[in-house]
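All remarks here apply to the structure that follows.
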Amino acid sequence: MLWACILLPHLGIDSVLRRHPTPDEPLALIGGPFQRRELVAVNRAAADVGLRPGMRLAAAQAIAPGFAAVEHAPAHEAQWQRFLAAWAYRFSSQVWAGWPNAIALEVQGSFSLIGQWPTFQARLREDLAALGFRHRIALAPTAAGARVLAGVEDGIAVLTPDQLRTTLARVPVRRACLPNEAGPRMHGMGIRHLRQVFELPRDALRRRFGVEVLQALDAMLGVVPELLECYRPPDVFDVRIELSYEVENHQALLFPVRRMTADLAAYLAGRDGGVQQFVLKLEHEGIAATDVEVGLLSAERDPAMLFDLTRGRLERAQIPKPVVGLRLIARDLPPFVPSGRDLFDERPEHAVPWDHLRERLRARLGNDAVYQVAPTVDPRPERAWQRAAAIIPEAPNRPTRPTWLLPRPMPLRDARVRVLAGPERLETGWWDGEDTRRDYYVLETAHGQRVWAFCAVGQQGPWMLHGWFA
Amino acid sequence: MGQVVALDALLGERRVWRGRPVAPLFSAQPTGHAALDAALPAGGWPEHALTELLLPADGVGELELLLPTLARLTNAGADVLLVAPPYVPYAPAWQARGVDLRRLHVIDADPKQALWAFEQALRSGACAAVLGWPSKVDHHGLRRLQVAADTGHALGFVLRDRKHTDEASPAALRLEIDRERRVRVRKCRGGPAPAAVFALAATH
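Heads up: the protein sequence lines correspond to chains P and W, in order.
Here the working numbering is used: position 276 in the first sequence is 495, and no number is missing along the way.
Here the working numbering is used: position 31 in the second sequence is 36, and no number is missing along the way.
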């Protein structure tokens, strides 16, 4: 087994920055007790103006007045770690997200699918960069070993247990992620590198630092198997973004919405599923949230398409009050069946399937705006067609019908009509109380149009126009 | 140039390459009307382009002209979209004329949205043919539709009032139908517009 460990040293601030409208301006995460506020993490711009983690809030404000301060929320970090575990799950079935700011995944089993480690690593880095998380990655035969190595050197890859032992031997004890604060204590005793720890008698080590340290060292070297409880993806996608400002127009919501739909797509790809229905909740101050329902006719997971559809629905939604938060919930997650294209398809490269176009049109024009027509067996002309049925029946054999039907008949004001055919008497509808007694004629108007018109039984006029033989 | 070269001599020496007359591009989209196919330089609808039909009124044979094409496309498994038609496409009649209704889609939209939908449908490449009735579309709008049809490799059909005949249009083919159900080619890409007029058969 080969484990890759992805260390996320800036998970807290990255998760804030990735959905912040101006990530290039100074920003700091604030934490600590109320009377002793201090900076937990800062972004690059804030570091450039002299802010450092651990600085008191008052001091920071003196140095750089007006930097953006965001409350540090450990729960959020845990949530984002879970999200990343879901993302990593698409690369491997064994994902461990139990360590703070780190994700470990078994990769050897996926080499045949994704490619050898250089390709694999490039994929991971590309995805993480796109998701907006800074990271360090290392590869080792044990998860704990990979974690230690990732902390020491980004991009290091160790393939055999022997190589792992010699590499770990050079790691300073303070950076070996040992439990019980053993690292600093060993350092205080003059032990500088893990090599010296490996050479110490095990019994003495156990008595002095506790059995946990011994177990950690064994796990790191692969002497004993690691017992990691693998991550299992949840069955509901639910993310929430709290906006730091009130938003009143749709445009400003698009940026966070794009992130959310991209996250949803990443999650769906991870579990090889699609989404057929999800809700975007626009949260307001004081009143109930506005629900923007997005329903699709088939399961989809393409990020661009999900965003496009959500935007279409969002633009149609009424926003009664400024929006302070967004929440996206997807419960209905059916399996995704990718649509295949014919090898000899002559359509252009970028052509989208009709289903995608239909979804896009429905999102902007409304659910009922796109339809199909089908004949029915009813003899009354206005009821002889219906908006799409699943199965399109064969129309009964009748005299020629016009290709255009008027939505409702209207009087034909033309005195010089010529009768071409008729009458065709329709005397029907007794079963539902809407009796119809009409004589239908095909007429030619003075303008040369051929019309389908009817009049009362046994008369010729006044005419009611009902269709065009176009 | 003091020297006068006789043309015959020059050609006799075979030092001048005489290009062959360019064979016209044959369209893979016949209109279904033999007389019209024969009159058009491409032998059918201009592919990946916009065709404009100019009508004096509704119901003068515009569907008569298009239905053979729509029937052929839908039966071949391609999707056809009607963007905001002015009337109800009457399913029994369309079916009787051979259109596979499973492949026929209709959109309801107000004029502004309809133009957007028209362009989207043409551009997407999802439909083999898109029919639209844009009431207020300027030259710029038509140009966009033409580009979209080119991008999406679709047949675009714009049905407009005859009063626009004198306006310039970027459409590759412009056909005018008059009250006697006669079709006249007003403009066609790839050659001069044929003077021939041909009459549409009336189903009734």
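Cβ atoms here follow ideal geometry from the backbone N, Cα and C, with glycine treated the same way.
Expected contact under 8 Å - CB spacing of residue i and residue j to nearest Å
{"i": "F5 (chain W)", "j": "L136 (chain W)", "result": "Outside the displayed span of chain W (6 to 209) sits residue 5 (chain W), for which this structure offers no information."}
{"i": "V511 (chain P)", "j": "L106 (chain W)", "result": "No, V511 (chain P) and L106 (chain W) are not in contact; Cβ-Cβ is about 33 Å, not under 8 Å."}
{"i": "R384 (chain P)", "j": "L440 (chain P)", "result": "6 Å"}
{"i": "L533 (chain P)", "j": "L472 (chain P)", "result": "6 Å"}
{"i": "T690 (chain P)", "j": "W99 (chain W)", "result": "Any question about residue 690 (chain P) goes unanswered here, given that chain P covers just 220 to 689."}
{"i": "D658 (chain P)", "j": "R644 (chain P)", "result": "5 Å"}
{"i": "E124 (chain W)", "j": "A83 (chain W)", "result": "Rounded, the Cβ-Cβ distance is 19 Å, inconsistent with contact."}
{"i": "V494 (chain P)", "j": "M479 (chain P)", "result": "The pair is not a contact, with the Cβ atoms about 12 Å apart (cut-off 8 Å)."}
{"i": "V476 (chain P)", "j": "F526 (chain P)", "result": "7 Å"}
{"i": "R186 (chain W)", "j": "G667 (chain P)", "result": "7 Å"}
{"i": "R275 (chain P)", "j": "E257 (chain P)", "result": "5 Å"}
{"i": "R167 (chain W)", "j": "P91 (chain W)", "result": "So it is not a contact: roughly 15 Å between Cβ atoms."}
Spatial distance of residue i from residue j (CA atoms)
{"i": "A66 (chain W)", "j": "A689 (chain P)", "result": "A small correction: the amino acid at residue 66 (chain W) is Gly; Ala does not occupy that position in the sequence shown. Answer to the nearest angstrom: the Cα atoms are 4 Å apart."}
{"i": "C674 (chain P)", "j": "D171 (chain W)", "result": "40 Å"}
{"i": "A28 (chain W)", "j": "P197 (chain W)", "result": "For A28 (chain W), the predicted model reports a pLDDT of 46, less than 50, meaning its position is unreliable and no value from the coordinates is stated."}
{"i": "S331 (chain P)", "j": "R490 (chain P)", "result": "19 Å"}
{"i": "A507 (chain P)", "j": "P522 (chain P)", "result": "28 Å"}
{"i": "P642 (chain P)", "j": "D654 (chain P)", "result": "18 Å"}
{"i": "P612 (chain P)", "j": "Q496 (chain P)", "result": "30 Å"}
{"i": "A201 (chain W)", "j": "T79 (chain W)", "result": "30 Å"}
{"i": "L160 (chain W)", "j": "L120 (chain W)", "result": "16 Å"}
{"i": "R344 (chain P)", "j": "H412 (chain P)", "result": "30 Å"}
{"i": "S311 (chain P)", "j": "V326 (chain P)", "result": "6 Å"}
{"i": "A89 (chain W)", "j": "Q280 (chain P)", "result": "60 Å"}
{"i": "V235 (chain P)", "j": "A365 (chain P)", "result": "27 Å"}
{"i": "R20 (chain W)", "j": "D155 (chain W)", "result": "40 Å"}
{"i": "A607 (chain P)", "j": "D42 (chain W)", "result": "34 Å"}
{"i": "E601 (chain P)", "j": "P594 (chain P)", "result": "11 Å"}
{"i": "Y450 (chain P)", "j": "A316 (chain P)", "result": "7 Å"}
{"i": "L350 (chain P)", "j": "K117 (chain W)", "result": "37 Å"}
{"i": "W649 (chain P)", "j": "P630 (chain P)", "result": "24 Å"}
{"i": "N399 (chain P)", "j": "A277 (chain P)", "result": "33 Å"}
{"i": "I375 (chain P)", "j": "L387 (chain P)", "result": "12 Å"}
{"i": "A283 (chain P)", "j": "L246 (chain P)", "result": "10 Å"}
{"i": "Q434 (chain P)", "j": "A304 (chain P)", "result": "25 Å"}
{"i": "A265 (chain P)", "j": "Q340 (chain P)", "result": "30 Å"}
{"i": "F286 (chain P)", "j": "L515 (chain P)", "result": "42 Å"}
Neighbouring residues, chain W, relative to residue i (Cβ below 8 Å)
{"i": "R583 (chain P)", "result": "Q118, W121, A122"}
{"i": "W687 (chain P)", "result": "D63, G64, Y92"}
{"i": "L525 (chain P)", "result": "In chain order: nothing, as chain W lies at least about 17 Å away."}
{"i": "L580 (chain P)", "result": "I112, A122, Q125, A126"}
Contact list for residue i against chain W, beta-carbon separation under 9 Å
{"i": "Y590 (chain P)", "result": "H110, V111, I112, D113"}
{"i": "A614 (chain P)", "result": "A96, P97, A98, Q100, A101"}
{"i": "R617 (chain P)", "result": "P97, A101"}
Contacts that residue i makes with chain W (C-beta to C-beta distance below 7 Å)
{"i": "I232 (chain P)", "result": "Under the 7 Å cutoff, chain W gives no residues; its nearest Cβ is about 40 Å from I232 (chain P)."}
{"i": "Q434 (chain P)", "result": "The premise fails here: Q434 (chain P) is roughly 59 Å from chain W at the closest Cβ pair, so nothing lies under 7 Å."}
{"i": "G667 (chain P)", "result": "V65, R184, E185, R186"}
Chain-ordered chain P contacts of residue i [CB-CB under 7 Å]
{"i": "W99 (chain W)", "result": "T622"}
Interface partners of residue i on chain P, CB under 8 Å
{"i": "D84 (chain W)", "result": "W573"}
{"i": "Q34 (chain W)", "result": "Neighbours of Q34 (chain W) on chain P: none; closest Cβ ~12 Å, over 8 Å."}
Partners in chain P for residue i, counting only beta-carbon separations shorter than 9 Å
{"i": "A131 (chain W)", "result": "R566, A570, V571, P572, W573, D574, H575, L576, R577"}
{"i": "P94 (chain W)", "result": "V592, W604, T622, W623, L624"}
{"i": "L106 (chain W)", "result": "Q591, V592, A593, P594, A607, I611"}
Cβ of residue i within 8 Å of any chain A Cβ
{"i": "V670 (chain P)", "result": "Absent from the structure: chain A. Protein chains present are P and W."}
Residue i Cβ short of 7 Å to the ligand ADP heavy atom set
{"i": "D422 (chain P)", "result": "The ligand content of the structure shown is nil, which means the ligand ADP is not present either."}
* To do: Scan the segment 570-640 of chain P and note each continuous alpha helix (DSSP H) run of 4 residues or more that stays entirely inside, going in chain order.
  => 573-584
* Asked: Given a limit of 8 Å on CB to CB distance, which residues of the segment 451-483 of chain P reach chain W?
  -> none
* To do: Check each residue of the segment 140-163 of chain W: if its Cβ is closer than 8 Å to any Cβ of chain P, include it; give the result in chain order.
  => T156, G157, H158
* Asked: What residue ranges within the segment 234-273 of chain P form continuous beta strand (DSSP E) runs of no fewer than 3 residues, ordered along the chain?
  -> 246-250, 257-261
* **beta strand (DSSP E) runs contained entirely in the segment 68-142 of chain W, provided each spans 3 or more residues** => 85-88, 109-112, 134-137
* Asked: Going along the segment 55-81 of chain W in order, which residues come within less than 8 Å of chain P, judged by CB to CB distance?
  -> P61, A62, D63, G64, V65, G66, E67, L68, E69, L72
* To do: Counting only runs of 4+ residues fully inside the segment 360-424 of chain P, write out the alpha helix (DSSP H) ranges in chain order.
  => 362-371, 380-388, 401-407, 413-418
* Asked: Can you give, in chain order, each stretch of the beta strand (DSSP E) that sits fully within the segment 332-361 of chain P and has at least 3 residues?
  -> 355-359
* To do: Please list the segments of the alpha helix (DSSP H) lying wholly inside the segment 641-668 of chain P, counting only runs of 4 or more residues, in order along the chain.
  => none
* Using a Cβ-Cβ cut-off of less than 7 Å, list which residues of the segment 182-202 of chain W approach chain P; keep chain order. => R184, E185, R186
* **alpha helix (DSSP H) runs contained entirely in the segment 426-471 of chain P, provided each spans 4 or more residues** => 430-440
* Enumerate, from N- to C-terminal direction, the unbroken beta strand (DSSP E) stretches of 3 or more residues contained entirely within the segment 25-65 of chain W. => 55-60
* For the segment 266-298 of chain P, which residues have a CB atom closer than 8 Å to at least one CB atom of chain W, in sequence order? -> none
* Asked: Taking Cβ-Cβ distances below 8 Å as the criterion, which residues of the segment 527-543 of chain P are in contact with chain W?
  -> none
* Could you tell me which uninterrupted beta strand (DSSP E) segments, each at least 3 residues in length, are contained entirely in the segment 273-327 of chain P, listed from first to last along the chain? => 287-290, 321-325
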